[in-house]
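>
Residue numbers (our numbering): 4 to 808.
#1: What does the alpha-carbon distance come out to for the pair residue 798 and residue 760?
#2: Rounded to whole angstroms, what is the Cα-Cα separation between residue 191 and residue 568?
#3: In angstroms with no decimal places, state the Cα-to-Cα distance between residue 295 and residue 597.
#4: Where do the ends of the alpha helix (DSSP H) carrying residue 342 lie?
#5: Do you know how far the Cα of residue 209 is from the Cα of residue 621?
#6: Report the rounded CA-to-CA distance for residue 375 versus residue 353, giving the unit in angstroms.
#7: Name, in chain order, the residues that DSSP records as bridge partners for residue 752.
#8: I'd like to check one pair, residue 480 with residue 817: are the Cβ atoms closer than 8 Å?
#9: Suppose the cutoff is 8 Å on Cβ atoms and the five residues either side in sequence are ignored; what does the same chain contact list for residue 671 look like?
#10: Going by DSSP in three states, residue 678 sits in which element: helix, strand or coil?
#11: Decide yes or no for the touch test of the region 369 to 384 against the region 446 to 454: beta carbon pairs closer than 8 Å, at least 3 of them.
#12: What residue from 794, 445, 318, 42 has the CA that sits closest to residue 136's CA?
#13: Would you mind working out which of 284, 211, 233 sits nearest residue 267, comparing C-alpha positions?
#14: For residue 60, which of helix, strand or coil comes out of DSSP?
#15: Residues in its own chain within less than 7 Å of residue 270 by CB, not counting five upstream and five downstream?
#16: How many angstroms separate the CA atom of residue 330 from the CA atom of residue 717?
#17: Determine the DSSP secondary structure at residue 577, reduced to helix, strand or coil.
#18: Do you know whose CA, among 489, 105, 172, 303, lies nearest residue 205's CA?
#19: Please report the distance separating the alpha-carbon of residue 749 from that of residue 730.
#20: What do you get for residue 25, buried or exposed, if any count of 16 or more other CB atoms within 10 angstroms of its CB means buried?
#21: My output table needs one value for residue 593: the three-state DSSP class, helix, strand or coil.
#22: Please state whether the Cβ-Cβ distance between residue 721 and residue 297 is less than 8 Å.
#23: Helix, strand or coil: how does DSSP classify residue 39 here?
#24: Restricting to runs no shorter than 3 residues, where is the beta strand (DSSP E) found entirely within the region 91 to 163?
#25: Evaluate residue 21 with the Cβ neighbour count: other Cβ atoms within 10 Å of its Cβ, from every protein chain shown; 16 or more gives buried, anything less gives exposed.
#26: Do you know how far the Cα of residue 237 is from the Cα of residue 681?
#27: Spell out the partners DSSP gives residue 418 in its beta bridges.
#28: Below 8 Å on the Cβ atoms is my contact criterion, and I expect residue 47 with residue 357 to pass it. Report the Cβ-Cβ distance as a whole number of Å.
#29: According to DSSP, what are the bridge partners of residue 742?
#30: For residue 293, count neighbouring C-beta atoms within 10 Å of its own C-beta (all shown protein chains included) and say buried if the count is 16 or more, exposed if not.
#31: Starting from the N-terminal side, write out each stretch of the alpha helix (DSSP H) that is 4 residues or longer and does not extend beyond the region 626 to 694.
#32: If we count the other Cβ atoms within 10 Å of its Cβ and call it buried at 16 or more, is residue 796 buried or exposed?
#33: Measuring alpha carbon to alpha carbon, tell me which of 401, 336, 412 ends up nearest residue 384.
#34: At the level of alpha carbons, what is the spacing between residue 791 and residue 744?
#35: Using CA atoms only, rank isn't needed, just tell me which of 783, 669, 705, 734 is closest to residue 715.
#36: So for residue 504, helix, strand or coil by DSSP?
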């Protein structure tokens, strides 16, 4: 396979599952790793979680006034664990988030006949095919695998360029239970404590694996081996093929279904499947490839495009990050989202859909205070709106739990989301009970889906109902303080504590809490007006927005993380929650709030300079997005480059922190408990590059708002913008030229900001273009529904300094 931005090639085998090449169809995932003699494919199914009994959250709401009294009195340490203690007194039986776990392994063993040369392993992002190739003497061997979107099958082909050369044996086996990570949330269930019983058999050319949980629930898989030529035999465990021209394996999985019902159904499915790799692959690629092809990024820099990923990573580690690596990471993020989030299924979890541990870090769950949101930041601007649908289905299905949480913990109507969840949405224990903004942050993507797609039915039937539930909670939870502004008590800024003696996870008026409440209520008012609904709560919601406490700056000129005057800022932290108004929200912009905008910049600078060794892979990705919103492309690129040097694996999977411990990030873990792979930063990097290329809010587009000096020319096709606009860009800052093509789904007026004052502007259509009172870098366009407008722009002066060649 040719190494381009549509794929990657590595020259070393993967001896750990974390270094495997991933593929998937949104429901099923496959991790291909191992070596020439022994290839292991870990198979994942999104529905496989080690489930425990769902507890009932006891009603402790009567204790809220006492908690608020403690906070008002400044007794923060006593308040931190107050709610948790009340749950314990009520014998709350919460055992932790149920962990996601692997299904089983497909093993392929082959004997070598000569010393190998030219070993390569690769994944093609445009097709989802993983390929391993090598030479032995005068024979080239190839193993190829994909997970079909068309047929829900895992398909592998083993072939050679000379006939009769394939000798192999295969089996389905339980994934080993001794490598479980022991970090974060979730009970350690490694080793013999894994509550699953496995049974593997091989008969003729059929292989089965049956797995049964202690509660009687079951899952498993069935595979057929289709050899071309040669001799086939079985010993009850392995299917062995000798002297074949080619071997095809076709595998189907089932989850949460009795084996006696599932296996006959799967046999019928495989019996009706034409055992031809090319035909099966073509059916799959016809669905996968158009998704990936919707958007492209080309930085017009050949540095690294033809090199293996191993070579690019070594250059990045030396501090010279090739543009080709960033292009590859951008494409990889979109590829991973396509492969791990599909309509009708579950959203991408903390590891997407790929996992090789029975006790993964943080249970491989859905963290509602950053990580799940970051997973979906590139979905809409990256032209993959259907990948967001599982997110909405999952969180809508959690509403009953959220309502119970709100009533039981705080005595409020509406919904209260826990900080983390998997199979249920019941509340965590611990200090995280003080965080109330989870449902509000989750609501952002609901409203964004409407802004990007213009789907009024979705707005009316999904977004508005969810936001109403959030608003109901705020109506009951918030109260007016002595100065007339609303008070958030308890409050928490994930997952930080203020600089006070002993710190505290129970605080007052965290800036993020205020920002999210304002955003939800404002969006809800706008949506209700858009739909023409007679909403009796509108005056109340508008009044609440007007009563929100104002954002303030500290003595350093940085936006305060807690608005209460006693709570001093703590810069040594990975979360950047208080910057929500500038990103991921867009309440604060350079045009709307210049002083606050500058305070946001100071605040993030404190995190990057003072708190660098407190950062993580995902926090660097988040920081890159913030710098992009601040218009600082060089700083955004610096964050991405720091991430490539510290938190990237051989296969470009991102890690929670620097697994080498070289001081760029925090360092958690050790030789027997290494920093874990988690996928959020993969998505966050893609999102950051999108933010560097375009900022959008209804009525305003900023083109190349954060273009780094090291990207003087390039192109991007197929980006989506709020307001239902599809955008293509081509730029050359060395000549000061920019071409932008905008296609609007509905009629609108939009102000466009260019990266520098406009010298000349020509259009290819009759679209109305007018000067803007905002300045010479702005123009106002009037677009008709379905109209495509191309703008050819010459810039008066460059906003950036182009580096010397």
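The beta-carbon is built from N, C-alpha and C at its ideal position, and this holds for glycine as well.
On the basis of the supplied data:
#1: Your numbering for residue 798 matches position 795 in the chain shown. Your numbering for residue 760 matches position 757 in the chain shown. In a straight line, the C-alpha of residue 798 is about 6 Å away from that of residue 760.
#2: Taking the chain shown and counting its residues from 1, one reaches residue 191 at position 188. Taking the chain shown and counting its residues from 1, one reaches residue 568 at position 565. Unreliable positioning characterises residue 191 in this predicted model, as indicated by a pLDDT of 45, which lies under 50. A coordinate reading is not provided.
#3: Taking the chain shown and counting its residues from 1, one reaches residue 295 at position 292. Taking the chain shown and counting its residues from 1, one reaches residue 597 at position 594. Cα to Cα, residue 295 sits roughly 38 Å from residue 597.
#4: Start at 1 with the first residue of the chain shown, and residue 342 comes out as number 339. Element bounds for residue 342: 326 to 343.
#5: Along the chain shown, read from residue 1 onward, the residue named residue 621 stands at position 618. Along the chain shown, read from residue 1 onward, the residue named residue 209 stands at position 206. One C-alpha to the other measures close to 43 Å.
#6: As a working note, residue 375 is residue 372 in the chain shown. As a working note, residue 353 is residue 350 in the chain shown. The straight-line gap from Cα to Cα measures roughly 7 Å.
#7: The residue you call residue 752 lines up with position 749 of the chain shown. The partner list for residue 752 (beta bridge, DSSP) reads 785.
#8: The requested residue 817 does not occur in the structure, where the chain is confined to residues 4 to 808.
#9: For the purposes of this step, residue 671 is identified with residue 668 of the chain shown, where counting begins at 1. Result list for residue 671: 186, 659, 660, 678, in chain order.
#10: Residue numbering aside, residue 678 sits at position 675 when the chain shown is read from its first letter. If DSSP states are grouped into helix, strand and coil, residue 678 belongs with coil.
#11: yes
#12: Looking up residue 136 in the chain shown gives position 133. Residue 42 is the option with its Cα nearest to residue 136.
#13: What you label residue 267 is simply residue 264 of the chain shown in a count that begins at 1. It is 211 whose Cα lies nearest to the Cα of residue 267.
#14: One-based indexing of the chain shown puts residue 60 at position 57. Secondary structure of residue 60 (DSSP, three-state): coil.
#15: In the chain shown, residue 270 corresponds to position 267, counting from 1. Once the five neighbours on either side are set aside, the close Cβ partners of residue 270 are 225.
#16: On the chain shown, residue 330 is found 327 positions in, with the first residue counted as 1. On the chain shown, residue 717 is found 714 positions in, with the first residue counted as 1. Rounded to the nearest angstrom, the two C-alpha atoms are 11 Å apart.
#17: Counted from its first residue, the chain shown places residue 577 at position 574. Three-state DSSP puts residue 577 in coil, outside helix and strand.
#18: As a position in the chain shown, residue 205 is number 202, starting the count at 1. When only C-alpha atoms are compared, the closest one is 172.
#19: If you number the chain shown from 1, residue 749 lands on position 746. If you number the chain shown from 1, residue 730 lands on position 727. The straight-line gap from Cα to Cα measures roughly 14 Å.
#20: Stepping through the chain shown from its first residue, residue 25 is reached at position 22. Label assigned to residue 25: buried.
#21: In the chain shown, residue 593 corresponds to position 590, counting from 1. It is coil, neither helix nor strand.
#22: By one-based count along the chain shown, residue 721 stands at place 718. By one-based count along the chain shown, residue 297 stands at place 294. A distance below 8 Å separates the beta carbons of residue 721 and residue 297.
#23: As a position in the chain shown, residue 39 is number 36, starting the count at 1. In the structure shown, residue 39 sits in coil (DSSP, three-state: anything other than H, G, I, E or B).
#24: 107 to 112, 119 to 127, 132 to 139, 142 to 150, 157 to 163
#25: Position 18 of the chain shown, counted from the first residue, corresponds to residue 21. Residue 21 is classed as buried because its beta carbon has at least 16 other beta carbons within 10 Å across all chains shown.
#26: The residue you call residue 681 lines up with position 678 of the chain shown. The residue you call residue 237 lines up with position 234 of the chain shown. Going by the C-alpha atoms only, they are around 39 Å apart.
#27: For this step, residue 418 is matched to residue 415 along the chain shown. BP columns for residue 418 are empty, so no partner.
#28: As a first step, residue 47 is located in the chain shown; it is residue number 44 there, counting from the start. As a first step, residue 357 is located in the chain shown; it is residue number 354 there, counting from the start. That belief holds up - the Cβ atoms of residue 47 and residue 357 are roughly 6 Å apart, short of 8 Å.
#29: For the purposes of this step, residue 742 is taken as residue 739 along the chain shown, with counting starting at 1. For residue 742, which the question treats as bridged, DSSP gives the partners 733, 795.
#30: As a first step, residue 293 is located in the chain shown; it is residue number 290 there, counting from the start. That one is exposed.
#31: Uninterrupted alpha helix (DSSP H) stretches at least 4 residues long and entirely within the region 626 to 694 occur at 636 to 649, given in chain order.
#32: The residue given as residue 796 occupies position 793 in the chain shown. Burial call: buried.
#33: Translated into positions along the chain shown, residue 384 becomes position 381. Answer by Cα proximity: 336.
#34: Start at 1 with the first residue of the chain shown, and residue 791 comes out as number 788. Start at 1 with the first residue of the chain shown, and residue 744 comes out as number 741. If you take the alpha carbons of residue 791 and residue 744, they lie about 7 Å apart.
#35: Taking the first residue of the chain shown as position 1, residue 715 is located at position 712. Ranking the options by Cα distance to residue 715, first place goes to 734.
#36: Indexing the chain shown from 1 puts residue 504 at position 501. Coil.
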